[in-house]
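Below: the structure, in structure tokens.
Residue numbers (my numbering): 1 to 206.
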């Protein structure tokens with residue numbers, strides 16, 4: 001997969017009434033490298049429609065498009081890949097369905113899960129939640145920046161830090177060894193989505 005620094009998840013509940021495509025295009029124009037559609041509540045047909053629109057948008061801008069959980073939707077719109085959690089379809093089975101060329105990312109919360117993901121052929125892992133976050137329901141306790149240090153020292157596949165990351169604490173995340181960050185509310189809930197992303201890109205490019 002193409003290297004990346006800034007990863008944004010759709011999180012429509014934080015859009016302040018703004019259109020999904022409008023918000024995500026602003027994020028892309030601000031420098032986001034990967035967009036993930038994450039929708040746990042809508043009907044499948046509505047998730048598909050959003051995925052189709054986001055696939056069109058990301059192709060237009062040459063940005064990687066990932067679908068969370070919905071493997072059938074990801075395949076239907078020819079997304080670049082999927083992201084799964086620890087309780088979703090196991091990596092081995094997900095790879096059988098997605099094929100060898102598609103990206104598969106998996107969330108991890110401890111070093112044992114990171115090792116397993118790397119061994120199992122994940123293309124990247126999510127590392128978190130680093131700090132407390134209200135962007136996801138049923139979230140595990142914060143893993144802190146100590147987990148970033150563990151992963152940075154041992155895991156060779158790309159990893160992205162996620163969970164409660166804000167402009168005021170991203171330096172702690174980078175100091176621990178992260179090179180890539182993922183956010184939901186801090187990006188899509190911002191009054192100035194594009195400007196916020198541009199600021200993160202500057203910080204990540206230091």
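No residue lacks a Cβ here, since even glycine has one placed at the ideal position from N, Cα and C.
Nearest residue (CA-CA) to residue i, options the options
i, options, result
"residue 104", "4, 189 and 66", "66"
"residue 109", "167, 5 and 150", "150"
"residue 44", "89, 74, 102 and 119", "74"
"residue 145", "170, 36, 50 and 24", "170"
"residue 86", "49, 4 and 126", "126"
"residue 13", "148, 80, 190 and 5", "190"
"residue 40", "4, 180, 141 and 88", "88"
"residue 68", "199, 3, 195 and 51", "51"
"residue 205", "152, 180 and 27", "180"
"residue 116", "157, 72, 195 and 141", "157"
"residue 147", "175, 101, 102 and 184", "175"
"residue 196", "100, 124, 29 and 140", "29"
"residue 184", "3, 19 and 36", "36"
Three-state secondary structure assigned by DSSP to residue i
i, result
"residue 98", "helix"
"residue 10", "coil"
"residue 168", "coil"
"residue 122", "coil"
"residue 83", "strand"
"residue 195", "helix"
"residue 65", "strand"
"residue 57", "helix"
"residue 200", "helix"
"residue 1", "coil"
"residue 150", "helix"
"residue 185", "helix"
"residue 178", "coil"
"residue 52", "helix"
"residue 37", "strand"
"residue 160", "strand"
"residue 77", "coil"
"residue 133", "coil"
Distance CB(residue i)-CB(residue j) smaller than 7 Å
i, j, result
"residue 225", "residue 165", "What the structure shows of the chain is the stretch from 1 to 206, and residue 225 is not part of that stretch, so it cannot be assessed."
"residue 38", "residue 9", "yes"
"residue 133", "residue 163", "yes"
"residue 111", "residue 122", "no"
"residue 130", "residue 173", "yes"
"residue 128", "residue 91", "no"
"residue 193", "residue 76", "no"
"residue 84", "residue 70", "no"
Residue environment, residue i, which counts as buried when at least 16 other CB atoms sit within 10 Å
i, result
"residue 34", "buried"
"residue 21", "exposed"
"residue 16", "exposed"
"residue 143", "buried"
"residue 80", "buried"
"residue 42", "exposed"
"residue 118", "buried"
"residue 56", "exposed"
"residue 101", "exposed"
"residue 153", "exposed"
For residue j and residue i, believed in contact at Cβ under 8 Å, the rounded distance
i, j, result
"residue 182", "residue 201", "In fact, because the Cβ distance is near 14 Å, the residues do not count as touching under 8 Å."
"residue 188", "residue 11", "5 Å"
"residue 1", "residue 64", "7 Å"
"residue 31", "residue 6", "6 Å"
Heavy atom of the ligand MG within 6 Å of residue i beta-carbon
i, result
"residue 117", "You won't find the ligand MG in this model; it holds no ligand whatsoever."
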